[in-house]
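Chains as they are written, first to last, in our numbering: chain B, 110 to 787; chain Z, 2 to 157.
Beneath this line is the structure, given in structure tokens, with notes to follow.
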């Protein structure tokens, strides 16, 4: 870890800060009065500036400084964050990002233009400033003895973070005449003294008409590492005489312990609202101790756990075959440990999907502006966790889906008004856990899919025979056909269908599936069903001939005996499952197994979405913890297997690709129907 | 990987090259030692239905599932039963610019040795029952002709 490039660390940190900043700016567009948001945006900016300078990104630091200066007025509440201002601020954010990611490519002309824009927003209001500030400050303080009694207690490690309490005191003095008394009772004897720790506390009497926010601003960047007790002078004189005494005798030796500890306690009730707002946040930050770990390390850990699970399976097999009771007990113990280690490791790789959702807010914001369609974007389930590799894979498909939803799903304002709908379109993005799957849904309240048009297009492209009987669901599947688009005009953004095949392929590569439902006039809903992890799955182990294969368990619906009737119907490969016709595939045929099948063939019914297909195997062996190993490039031409795993006896077994098998079964069934029809 | 191979090419020009000498049927092949990762005893292989004939199966090599190639099929040589001498040579070759581990069945592994470039023979166009592009060059080792195969071409 120590070998990591510091610049790289800065880039990582900055990208997190950008997300915070962008989120805050976008939220600010919705709630312009929320001071917390302004503060959080400002903090992010300030940190980017500070660490940028530290790591030698001077351009970043310089630009951010200008940005910050302009934004300062927003923070002081002197100008309102309008939509236009936020748009410029977002552009500025993008520019800083460009400066960090590709410093040589970023054009300083763009930066200057953005700064000019920013200044234009900021300067006309500047002249109004004195009026506003007059309204702002005086009433709270002027009538009573103006000023504040402060107690500053920094955490002992504050110096190591590079903050200097003395600088903060200097800043405080700029607000007005200050009377500063250090409290030295925390200073230990010399031999116990850690030179890098801060032991001092300060009592400050500030004679100034400034408001509380001005003081908070001074300590803005250290507020999580200090305890700031703030009491208006007027109240101090009445409520906390001990405190006032300490102030009255500055030259006296350090106040005795009881005075020091009772003072903040006495002062506390005087400032309840502010403290309450800060405290839960601080507790939260201290409670969640996080460690930054390189992603490859987690991958390696997962690999090791995978190997452990395999070795454990072999041990269990040996133990079950033997008669030694103590070995069996140890095998069971290890089985339990391996299972919990697996779960923990998988848990460590889980990332909340919210990190991904944040990016789309910007996308929706920009698209809705460019297309002139006001769109409301609602997300929920940000806490839903998914394997980190899946989060990365999900970004592109979701961009496609959201673009489609805005460009084609949501109608323009006039059409919406004519249909009696609200003016604002609405796009919902949410994620929920459902068993061993995560469902990610993109839902719009637009016009819905035009089934007739999709059908016409499919007929035109020769994908279906004109007039063939098909359910709406089957027709909608053509959207996922490569190169299929019903868009009559080509748009720079998307065409329903363009890219949808990519979405489908990506999701299927993750062993997920897509459900699509639509209601004419009411909108479309696309749900991605994803497994929790890519590394280990529950599988059903089956035997076909001499070979053993794995079927991913989430795809398995049920297992039925292949009856003599079904067996006889050689020509028609359909099963009758409680009245429904289900096409089936003989795995012996597909897997090229020589010889004749056994007596009691089993059928495993698998499903993807709404289609069900039976797979005929010789034997069902049972559940198997499947550690997924991908097949090498030499076998990339084999599509019916999605990977391989290692069985208890050390041999490799192949994992059947459910989606491919279903597609295969369907195409066979269609051919059969066509030949029967002919 | 790519750099490995370039180095090998370099050593060939210097005059000598480290190789692992293996036997397939009646022929001897010299595998570039830089490609060889390990030599293991035969392990049970899992047939992959629908794969190309020269990579018919996969094996488990210490937790990794890797393809098992049969050069005899690629060279049109008769299949032989596994014997006590049969080994699997695990090599790393670049396929589409990515290093891939591949197991190669050898009827016998002789030794790690050095062959010299000065003995390189012109690859004859006739009298060979395999494709010339599969062969990097033919050289002489202990008065015998040995073939240095081009593994990348063979496996792609």
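Even glycine gets a Cβ: it sits at the ideal position worked out from N, Cα and C.
The model shown is predicted, which means the values in this text are computed figures rather than measured ones.
Taking the Cα of residue 510 of chain B as reference, the smallest distance to any Cα among B/625, B/685, B/741, B/738 is reached at B/625. Counting along the chain, the unbroken alpha helix (DSSP H) around residue 404 of chain B starts and ends at 404-430.
Proximity of residue 722 of chain B to chain Z, defined by a Cβ-Cβ separation below 8 Å, is not satisfied. Here residue 205 of chain B is near residue 172 of chain B, since their CB atoms are less than 8 Å apart. Taking each of B/576, B/577, B/572, B/408 in turn and checking the Cα distance to residue 589 of chain B, the smallest one comes out for B/572. Apart from the 5 residues on each side of it in sequence, residue 450 of chain B sits with its Cβ closer than 8 Å to the Cβ of 414, 417 in its chain, given in chain order.
Chain B places no beta carbon closer than 8 Å to that of residue 151 of chain Z, leaving this residue out of the contacts. For residue 332 of chain B, there is no enclosing alpha helix (DSSP H), since its DSSP letter is neither H nor E. For residue 288 of chain B, the enclosing beta strand (DSSP E) has its first and last residue at 287-292.
Selection B/403, B/295, B/646 evaluated against residue 114 of chain B yields B/403 as nearest (Cα-Cα). The criterion of a C-beta distance shorter than 8 Å is not satisfied by residue 75 of chain Z and residue 42 of chain Z. If you draw a straight line from the Cα of residue 543 of chain B to the Cα of residue 647 of chain B, it is about 15 Å long. Interface flag for residue 760 of chain B against chain Z is set, since a Cβ pair is found closer than 8 Å. Beta-bridge pairing by DSSP links residue 48 of chain Z to Z/58.
The continuous beta strand (DSSP E) containing residue 106 of chain Z extends over residues 99-107. Residue pairing of residue 65 of chain Z in beta bridges, as defined by DSSP: Z/62. In this chain, residue 653 of chain B is not harboured by any alpha helix (DSSP H); it is covered by the beta strand (DSSP E) spanning 645-653. At a beta-carbon threshold of 9 Å, the residues of chain B lying near residue 50 of chain Z are 656, 699, 700, 701, 702, 747, 749, 750, 763, ordered along the chain. In its chain, beyond the 5 residues on either side, 548, 550, 624 have a beta carbon closer than 6 Å to the beta carbon of residue 636 of chain B. By the CB criterion at 8 Å, residue 116 of chain B and residue 164 of chain B fall inside the cutoff. Using a Cβ-Cβ cut-off of 8 Å, residue 776 of chain B does not count as an interface residue toward chain Z, since no Cβ of chain Z sits closer than that to its own. Short of 7 Å from the beta carbon of residue 419 of chain B, and not among the five residues preceding or following it, lie these beta carbons of its own chain, in chain order: 736, 755. Pairwise C-beta distances place the segment 423-443 of chain B out of contact with the segment 463-476 of chain B, as fewer than three of them are shorter than 8 Å.
In this structure the segment 307-325 of chain B touches the segment 277-292 of chain B; the number of beta carbon pairs closer than 8 Å is three or more. In the displayed model, residue 95 of chain Z falls within a strand according to three-state DSSP. Looking from the CA of residue 135 of chain Z, the closest CA among Z/64, Z/156, Z/111, Z/94 belongs to Z/156. Neighbours of residue 45 of chain Z in chain B, taken as residues whose beta carbon is under 7 Å from its own, are 760 in chain order.
Here residue 477 of chain B is buried. Its C-beta has 16 or more other C-beta atoms within 10 Å.
Scanning Z/93, Z/142, Z/102 for the CA closest to the CA of residue 112 of chain Z turns up Z/142. Here the alpha carbons of residue 270 of chain B and residue 121 of chain B stand approximately 19 Å from one another. Residue 115 of chain Z is classed as exposed because its beta carbon has fewer than 16 other beta carbons within 10 Å across all chains shown. Exclusion of the five residues before and after residue 80 of chain Z leaves 73 as the residues of its chain whose Cβ lies within less than 7 Å of its Cβ. Ranked by how close their Cα comes to the Cα of residue 50 of chain Z, the residues B/142, B/696, B/119, B/482 have B/696 in first place. Within the model, the alpha-carbon separation for residue 684 of chain B versus residue 693 of chain B is close to 7 Å. As DSSP reads the structure, residue 665 of chain B sits in a beta bridge with B/715. When DSSP states are grouped into helix, strand and coil, residue 115 of chain B belongs to the helix group.
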